[in-house]
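*Asks:* Below is a structure I'd like to ask you about.
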Amino acid sequence: MNLALKPNVLTPQDLEPNWRWEGRLPAPGHMSVDFERRIDHDRLRRYRLARTRQALEASNAGTLLLFDVNNIRYVSATKIGEWERDKMCRFCLLTGDESPYVWDFGSAAVHHQKYSDWLEPDHCLAGVVGMRGTIPPEFGLMRKYARQIAQLIKDAGMADMPVGVDYAETAMFHALQEEGLHVVDGQQIMLAAREIKNWDEIQLLTQAASMVDGVYHMIYEELKPGIRENDIVALSNKMLYEMGSDDVEAINAISGERCNPHPHNFTDRYFRPGDQAFFDILQSYQGYRTCYYRTFNIGRATPAQHDAYVKAREWIDASIEMIKPGVTTDKVAAVWPKAEAFGFPSEDAAFGLQFGHGLGLALHERPIISRAVSLEHPMEIQTGMVFALETYCPAADGYSAARIEEEVVVTDTGVEVISLFPAEELPIANRY
Numbered sequence: 001m002n003l004a005l006k007p008n009v010l011t012p013q014d015l016e017p018n019w020r021w022e023g024r025l026p027a028p029g030h031m032s033v034d035f036e037r038r039i040d041h042d043r044l045r046r047y048r049l050a051r052t053r054q055a056l057e058a059s060n061a062g063t064l065l066l067f068d069v070n071n072i073r074y075v076s077a078t079k080i081g082e083w084e085r086d087k088m089c090r091f092c093l094l095t096g097d098e099s100p101y102v103w104d105f106g107s108a109a110v111h112h113q114k115y116s117d118w119l120e121p122d123h124c125l126a127g128v129v130g131m132r133g134t135i136p137p138e139f140g141l142m143r144k145y146a147r148q149i150a151q152l153i154k155d156a157g158m159a160d161m162p163v164g165v166d167y168a169e170t171a172m173f174h175a176l177q178e179e180g181l182h183v184v185d186g187q188q189i190m191l192a193a194r195e196i197k198n199w200d201e202i203q204l205l206t207q208a209a210s211m212v213d214g215v216y217h218m219i220y221e222e223l224k225p226g227i228r229e230n231d232i233v234a235l236s237n238k239m240l241y242e243m244g245s246d247d248v249e250a251i252n253a254i255s256g257e258r259c260n261p262h263p264h265n266f267t268d269r270y271f272r273p274g275d276q277a278f279f280d281i282l283q284s285y286q287g288y289r290t291c292y293y294r295t296f297n298i299g300r301a302t303p304a305q306h307d308a309y310v311k312a313r314e315w316i317d318a319s320i321e322m323i324k325p326g327v328t329t330d331k332v333a334a335v336w337p338k339a340e341a342f343g344f345p346s347e348d349a350a351f352g353l354q355f356g357h358g359l360g361l362a363l364h365e366r367p368i369i370s371r372a373v374s375l376e377h378p379m380e381i382q383t384g385m386v387f388a389l390e391t392y393c394p395a396a397d398g399y400s401a402a403r404i405e406e407e408v409v410v411t412d413t414g415v416e417v418i419s420l421f422p423a424e425e426l427p428i429a430n431r432y
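The opening position of the sequence shown corresponds to residue 1 in UniProt numbering, with each subsequent residue numbered one higher.
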């Protein structure tokens, strides 16, 4: 192994985000080539690990034990099939100055030893705990691995410091405590690490958004009577996977009388002439997520539908104009209407409709921007954050609604939008 690339040998330069704000943010081709500098994966891996160690040092914990697959990928740059996302079958330990330990699903550990040369081979271990309770705690696996984890923490000289755990099965928490470990909230440590994206992460997020640009052009061409919501979902999944998506997490497709209130799903409803319809495409490229809404009308639009779209556009433009380093999230949330102004009894009932959320390896990272939380608990917007801003406006007809979402990158002086399918005016698909 090249010692300069070993993940436990980091330098201050590894914390440099290497931003290049001059000109437009690039969305380079997806292949690796010798004639352009595109994604530097070694730099990406080292930056993420360095950010994690910095966040850990700033906390009261000495160790991180991670079961969240987004955190495992961020720290160790390992990933297996998307099926493992909710199984809680993998875990990762970062303690002291040690390089990460990864316990993986059977033969995946051997695969990492062979192909993931940025990891120590003897830190790639096979192991499994509960798999959401399907392996009962009385089988003893949780006690076995809790004991092994406790010994590694002791060997690293961190036994007297708390262990930050992002989430785990209840029985695993008990097993760790029985080994004398003081467990604290490790998810907050990891979210602090993941807040600021380096240049490689920003390029991956822009590449992911460019894929959705293309899908929305396809949707614009396909929307017409005789096509169903689930047809659009199927066509979008096919196109995204053909473009290189590694996970189409979900596609919302909502039309006609289903637009208000927002159901956050799709059905087999046929599109009809004059329907308002909105879509959300949630997918990832090399792990980096999109959340990107667009609204269309089919064939024609009424004045009420146009008015709803104009309001949704005005609200999102007002929030985008607020974004720059040093502004706090309460100032952004304050430009959005109160819940009662668009037909909801409380901010909790309207949560997620006028909304902002960080994007990265997870769909929802920091910052979260909402009147429900931001007015009393503001966070500072910082250079290098990437997040989505979304608005929703019901129409006066009582059933239509407009939904718009833009993905933005916070630069050194302001913001750049990376979701580029046109949304300045209401698009009319297959106009009559």
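Note that CB positions come from ideal geometry on N, CA and C, so glycine has one too.
1) So with Cβ pairs under 8 Å, would you call A208 a contact of chain C?
2) Determine, using beta-carbon pairs with one atom in the region 377 to 397 and one in the region 353 to 363, whether at least three such pairs fall under 8 Å.
3) Please classify A413: is it buried, with 16 or more other beta-carbons within 10 angstroms of its beta-carbon, or exposed?
4) Rounded to whole angstroms, what's the CA-CA distance from R272 to S32? Just pull it up for me.
5) Within 8 Å, do at least three Cβ pairs link the region 129 to 140 to the region 152 to 160?
6) Specify whether the region 122 to 135 and the region 184 to 203 touch according to this definition: at least 3 beta carbon pairs, one from each stretch, less than 8 Å apart.
7) With DSSP collapsed to three states, give me the class of L94.
8) What does a CB cutoff of less than 6 Å around A193 pick up in its chain, not counting 5 residues either side in sequence?
9) Alpha carbon to alpha carbon, how far is E405 from P28?
10) Considering only C-alpha positions, which residue in the set P17, L15, I39 and G23 is nearest to Q286?
11) What are the boundary residues of the alpha helix (DSSP H) that includes Y74?
12) Mapping DSSP to helix, strand and coil, what is F421?
13) For the candidate residues V75, Y288, L235 and L375, whose alpha-carbon lies nearest to that of V386?
14) How should S245 be labelled, buried or exposed, when 16 other C-beta atoms within 10 angstroms of its C-beta is the threshold for buried?
15) Measuring alpha carbon to alpha carbon, tell me which residue in N60, L49 and E84 is nearest Y74.
16) Report the partner residues of F387 according to the DSSP bridge assignment.
17) Taking the continuous beta strand (DSSP E) assigned at N252, which residues delimit it?
18) In this structure, does DSSP put Y216 in helix, strand or coil?
19) Look at L64 and F91 and say whether their C-beta atoms are less than 8 Å apart.
20) Is the beta carbon of R258 less than 8 Å from the beta carbon of Y432?
21) Give me, in chain order, the residues of the same chain whose beta-carbon lies closer than 8 Å to that of L223; leave out the 5 immediate sequence neighbours on both sides.
22) Measure how close the beta-carbons of A209 and E84 come, nearest whole angstrom, since I'm counting them as under 8 Å.
*Replies:* In this structure, then:
1) No chain C is part of this structure, which consists of one protein chain only.
2) Because the criterion of three Cβ pairs below 8 Å is met, the region 377 to 397 and the region 353 to 363 touch.
3) Along the sequence shown, one-based indexing puts residue 413 at 413. Strictly speaking, residue 413 in this sequence is Thr, with Ala absent from that position. Exposed, since its Cβ has fewer than 16 Cβ neighbours within 10 Å.
4) Here residue 272 refers to the residue found at position 272 of the sequence shown. Here residue 32 refers to the residue found at position 32 of the sequence shown. The alpha-carbon separation between R272 and S32 amounts to approximately 44 Å.
5) The count of Cβ pairs closer than 8 Å, one atom from the region 152 to 160 and one from the region 129 to 140, stays below three, leaving the stretches out of contact.
6) no
7) As a working mapping, residue 94 is identified with position 94 in the sequence shown. Annotated three-state conformation of L94 is strand, per DSSP.
8) Taking the sequence shown and counting its residues from 1, the one referred to as residue 193 is at position 193. Hits under 6 Å: R51, T52 and A55.
9) The sequence position of residue 405 within the sequence shown is 405, counting from 1. The sequence position of residue 28 within the sequence shown is 28, counting from 1. Whole-angstrom Cα-Cα distance: 23 Å.
10) In the sequence shown, counting from the first residue as 1, residue 286 sits at position 286. Looking at the Cα atoms, I39 is the closest of the given residues.
11) Here residue 74 corresponds to residue number 74 of the sequence shown, with the count starting at 1. V69 to S76 is the span of the alpha helix (DSSP H), which, as asked, contains Y74.
12) The residue given as residue 421 occupies position 421 in the sequence shown. In this structure, F421 counts as coil in the three-state DSSP scheme.
13) The residue you call residue 386 lines up with position 386 of the sequence shown. With distances taken between Cα atoms, V386 lies closest to Y288.
14) Stepping through the sequence shown from its first residue, residue 245 is reached at position 245. It is buried - the Cβ of S245 has at least 16 other Cβ atoms within 10 Å.
15) As a first step, residue 74 must be located in the sequence shown, where it is residue number 74. Nearest C-alpha to Y74: L49.
16) Here the question's residue 387 lines up with position 387 in the sequence shown. Paired residues: G358 and V408.
17) The count along the sequence shown starts at 1 and reaches residue 252 at position 252. D247 to S255 is the extent of the beta strand (DSSP E) around N252.
18) Indexing the sequence shown from 1 puts residue 216 at position 216. DSSP places Y216 in helix when its eight states are reduced to three.
19) For the purposes of this step, residue 64 is taken as residue 64 along the sequence shown, with counting starting at 1. For the purposes of this step, residue 91 is taken as residue 91 along the sequence shown, with counting starting at 1. No, the Cβ-Cβ distance between L64 and F91 is not below 8 Å.
20) Position 258 of the sequence shown holds residue 258. Position 432 of the sequence shown holds residue 432. Cβ atoms of R258 and Y432: not closer than 8 Å.
21) Position 223 of the sequence shown holds residue 223. Taken in chain order, the residues that qualify are I232, F271, A277, F296, I298, A429 and N430.
22) Taking the first residue of the sequence shown as position 1, residue 209 is located at position 209. Taking the first residue of the sequence shown as position 1, residue 84 is located at position 84. Between E84 and A209 the Cβ distance is about 26 Å, and since that is not below 8 Å, they are no contact.
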